[in-house]
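> Would you mind keeping the following structure in view while I ask a few things?
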Amino acid sequence: MMLCIIAVVDNNYKSRIVATAIIDDETLNTYRWLFDTILTETGISPGVIFTDSDPSMIQSIKEIYVNTKHLLCIFHIDLNLRKKLKGKLGNKFEEFHHKFYICRNSLCEDLFELQWNQLIDQYPAAAKYLSDTLYINKESWAIPWIHKRFTTGAQSTQRIESINRHIHDKVDRATSLYDLLLSIKDHVRNEEHFEYFELERNAIPTIGMPMLNTRFFGSVDNVMKAFLTPIMLGKQRSQMNQSVCYDINRITEWQNLIDVEIDNEEISNGIREQEQDVRQILFKSLIKNIPPEAILEVWFV
Numbered sequence: 001m002m003l004c005i006i007a008v009v010d011n012n013y014k015s016r017i018v019a020t021a022i023i024d025d026e027t028l029n030t031y032r033w034l035f036d037t038i039l040t041e042t043g044i045s046p047g048v049i050f051t052d053s054d055p056s057m058i059q060s061i062k063e064i065y066v067n068t069k070h071l072l073c074i075f076h077i078d079l080n081l082r083k084k085l086k087g088k089l090g091n092k093f094e095e096f097h098h099k100f101y102i103c104r105n106s107l108c109e110d111l112f113e114l115q116w117n118q119l120i121d122q123y124p125a126a127a128k129y130l131s132d133t134l135y136i137n138k139e140s141w142a143i144p145w146i147h148k149r150f151t152t153g154a155q156s157t158q159r160i161e162s163i164n165r166h167i168h169d170k171v172d173r174a175t176s177l178y179d180l181l182l183s184i185k186d187h188v189r190n191e192e193h194f195e196y197f198e199l200e201r202n203a204i205p206t207i208g209m210p211m212l213n214t215r216f217f218g219s220v221d222n223v224m225k226a227f228l229t230p231i232m233l234g235k236q237r238s239q240m241n242q243s244v245c246y247d248i249n250r251i252t253e254w255q256n257l258i259d260v261e262i263d264n265e266e267i268s269n270g271i272r273e274q275e276q277d278v279r280q281i282l283f284k285s286l287i288k289n290i291p292p293e294a295i296l297e298v299w300f301v
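Quick look at the structure:
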């Protein structure tokens, strides 16, 4: 018997347990029953669902939640990379691992494909696993595709792993169903109490740096206040405040950037001191859906 916990991220950016089930196995029929029951009771299909690579769970999600995008947990992908490739690559694994994440974190498809082909060429021992296991599912884990979806910033099943750890620390094989239910309810109550505390704290006026969001983005801020919860509003205001701290320069002859050749540019091997300097997007990919006459100015940030 296994405890299965389904959790979501609510509009206050908090994890919420929406369903629990005691299941005999992890087969396709079991997951079908589980997700079909949740859909029947709630009438809600989530925008995205993160799981590990369990084929039965993935197939059941595709069948029950036809409009939901399934995404793969990057933490479990990382575990499998170490399990499958560390022995094959030996002392080259850490170098490969670093380059893999630079490729995965690219913001455009063209740059991802360029760097992916470099990985295949540079590490032939990893080519079969990369091609047969990961590449065919790239739209479920690579940033150029998943960043087009609203995921509340999630890239893994870390939230549910945290909930599992909290509950499992209080139970064992000898725990009765009644005590298990009490442990789950205790976790839910603690989350509700913490969320209430956060809401109350965010309602208290604070004195800090100038409110740049109202000074420069007053009209936008008024719209957000009407629709966002305090926690989400605070996150958006933080982004607004950061936006005035960037160093920017205007590029006058930006047309030349389109023709820049990078075919021979290799993925960085950790020589840059700061990861934010790594190229993440190609200029031609950034503007490929914009008519040239619609581009008035180009700025380097």
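Reading the sequence shown from the start, the letters are residues 1 to 301 in the UniProt record's numbering.
Even glycine gets a Cβ: it sits at the ideal position worked out from N, Cα and C.
For clarity, every value in this text was computed on a predicted model and none was experimentally measured.
Pick out whichever of L212, I163, I287 and K148 has its Cα sitting closest to the Cα of S19.
Sequence index remark: in the sequence shown, residue 19 carries index 19 (1-based). Correcting the residue identity first, residue 19 is Ala in this sequence and not Ser. The shortest Cα separation from A19 among L212, I163, I287 and K148 belongs to I163.
> Out of M2, C4, V9 and M1, state which residue places its alpha-carbon closest to the alpha-carbon of Y159.
Position 159 of the sequence shown holds residue 159. Position check: residue 159 holds Arg in this sequence, whereas Tyr was assumed. Considering only alpha carbons, the answer is V9.
> Would P291 be called buried (16 or more neighbouring beta carbons within 10 Å of its own) or exposed?
The count along the sequence shown starts at 1 and reaches residue 291 at position 291. When all chains shown are included, P291 counts as exposed.
> Below 6 Å CB to CB, which residues in the same chain sit around M2 once its five sequence neighbours on both sides are set aside?
The sequence position of residue 2 within the sequence shown is 2, counting from 1. Same-chain partners within the cutoff: I23.
> Tell me which residues share the same chain as Y65 and place their Cβ nearer than 8 Å to its Cβ, disregarding the 5 neighbours each side in the sequence.
Along the sequence shown, one-based indexing puts residue 65 at 65. Around Y65: F35, L39, S45, P46 and I49.
> What three-state label does DSSP hand I248 in the structure shown?
Here the question's residue 248 lines up with position 248 in the sequence shown. In the structure shown, I248 sits in coil (DSSP, three-state: anything other than H, G, I, E or B).
> With 16 other CB atoms within 10 Å as the buried threshold, where does C108 fall?
By 1-based counting over the sequence shown, the position of residue 108 is 108. Classification for C108: buried.
> In whole angstroms, give me the CA-to-CA distance for residue 302 and F112.
Residue 302 lies beyond the range of the chain shown here (1 to 301); nothing can be said about it.
> Can you give, in chain order, each stretch of the alpha helix (DSSP H) that sits fully within the segment 122-190 and has at least 4 residues?
Listed in chain order, they are 124-129, 143-146 and 158-168.
> From which residue to which residue does the beta strand (DSSP E) around A294 run?
As a first step, residue 294 is located in the sequence shown; it is residue number 294 there, counting from the start. From DSSP, A294 is part of no beta strand (DSSP E); its letter is neither H nor E.
> Looking only at its chain, what residues have a beta carbon closer than 6 Å to the beta carbon of N11, apart from the 5 residues adjacent to it on each side?
Here residue 11 refers to the residue found at position 11 of the sequence shown. Cβ within range, chain order: T229.
> So, is T157 buried or exposed, given that buried needs 16 or more other C-beta atoms within 10 angstroms?
One-based indexing of the sequence shown puts residue 157 at position 157. Result: buried.
> Between the beta-carbon of residue 322 and the beta-carbon of L212, is there less than 8 Å?
Past the boundaries of the shown model lies residue 322; the chain is included only from 1 to 301, so the question cannot be answered.
> Run the CB neighbour count on W116, radius 10 Å, all protein chains shown included, and call it buried at 16 or more, exposed below.
The residue given as residue 116 occupies position 116 in the sequence shown. The residue is buried, with at least 16 neighbouring Cβ atoms inside 10 Å.
> In terms of residues, what are the limits of the alpha helix (DSSP H) holding K69?
Taking the sequence shown and counting its residues from 1, one reaches residue 69 at position 69. Where K69 is concerned, there is no enclosing alpha helix (DSSP H), although the beta strand (DSSP E) it sits in stretches over K69 to L72.
> List in chain order: all unbroken alpha helix (DSSP H) runs of 4+ residues lying wholly within the UniProt domain "MULE transposase" (2-77).
Entirely contained in the UniProt domain "MULE transposase" (2-77), the alpha helix (DSSP H) runs reaching 4 residues are, in chain order, 28-42 and 55-64.
> Ignore the nearest five residues each way along the sequence and tell me which others in T68's own chain have a CB closer than 8 Å to its CB.
Position 68 of the sequence shown holds residue 68. Cβ neighbours of T68 beyond the five flanking positions: S45, P46, G47, V48, I49 and I61.
> Taking its Cβ as the centre, do 16 or more other Cβ atoms sit within 10 Å of S238, making it buried, or is it exposed?
Residue mapping note: residue 238 aligns to position 238 of the sequence shown, counting from 1. Its Cβ having fewer than 16 others within 10 Å, S238 is exposed.
> Kindly list the residues whose CB is nearer than 8 Å to the CB of I248, restricted to its own chain and excluding five residues on each side of it in sequence; keep chain order.
As a position in the sequence shown, residue 248 is number 248, starting the count at 1. If we look at I248 and ignore the five residues flanking it on each side, its Cβ neighbours are W299, F300 and V301.
> Among residues of its own chain, excluding the 5 on either side of L28, which ones have a beta-carbon nearer than 7 Å to its beta-carbon?
Within the sequence shown, the letter at position 28 stands for residue 28. Counting only Cβ-Cβ distances below 7 Å, and skipping sequence neighbours, we find S56, Q59 and S60.
> Evaluate K99 with the Cβ neighbour count: other Cβ atoms within 10 Å of its Cβ, from every protein chain shown; 16 or more gives buried, anything less gives exposed.
Looking up residue 99 in the sequence shown gives position 99. Buried, by the Cβ-count rule.
> Mapping DSSP to helix, strand and coil, what is K84?
Here residue 84 is taken as the residue at index 84 of the sequence shown, counted from 1. It is helical.
> Check whether the Cβ atoms of R104 and A154 sit closer than 8 Å, and answer yes or no.
As a first step, residue 104 is located in the sequence shown; it is residue number 104 there, counting from the start. As a first step, residue 154 is located in the sequence shown; it is residue number 154 there, counting from the start. No, the pair does not count as a contact, with Cβ atoms beyond the cut-off.
> How would you call L85, buried or exposed, if buried means at least 16 neighbouring beta carbons within 10 angstroms?
Within the sequence shown, residue 85 is the residue found at index 85, counting from 1. Looking at its Cβ environment, which holds 16 or more other Cβ atoms inside 10 Å, L85 is buried.
> Using only CA atoms, which one of C245, F75, Y123 and S106 lies nearest to E94?
Sequence index remark: in the sequence shown, residue 94 carries index 94 (1-based). When each option's Cα is compared against that of E94, the closest is Y123.
> Along the alpha helix (DSSP H) that carries V220, what are the first and last residues, could you check?
Taking the first residue of the sequence shown as position 1, residue 220 is located at position 220. G218 to F227 is the span of the alpha helix (DSSP H), which, as asked, contains V220.
> Does the Cβ of L71 have 16 or more other Cβ atoms within 10 Å, making it buried, or fewer, making it exposed?
Translated into positions along the sequence shown, residue 71 becomes position 71. So L71 counts as buried.
> Check whether the Cβ atoms of L130 and I120 lie closer than 8 Å to each other.
As a working note, residue 130 is residue 130 in the sequence shown. As a working note, residue 120 is residue 120 in the sequence shown. Result yes, Cβ atoms of L130 and I120 sit closer than 8 Å.
> Name the one or two DSSP bridge partners that F93 has.
In the sequence shown, the residue the question calls residue 93 occupies position 93. DSSP, once it has assigned bridges, lists no residue as partnering F93.
> Tell whether a beta-carbon distance below 8 Å holds between S106 and H76.
Start at 1 with the first residue of the sequence shown, and residue 106 comes out as number 106. Start at 1 with the first residue of the sequence shown, and residue 76 comes out as number 76. Taking 8 Å as the Cβ cut-off, S106 and H76 do not qualify as a contacting pair.
> Apart from the five residues on each side of it in sequence, which residues of its chain come closer than 8 Å, Cβ to Cβ, to N91?
Mapped onto the sequence shown, residue 91 falls at position 91. Taken in chain order, the list of residues that qualify is empty.
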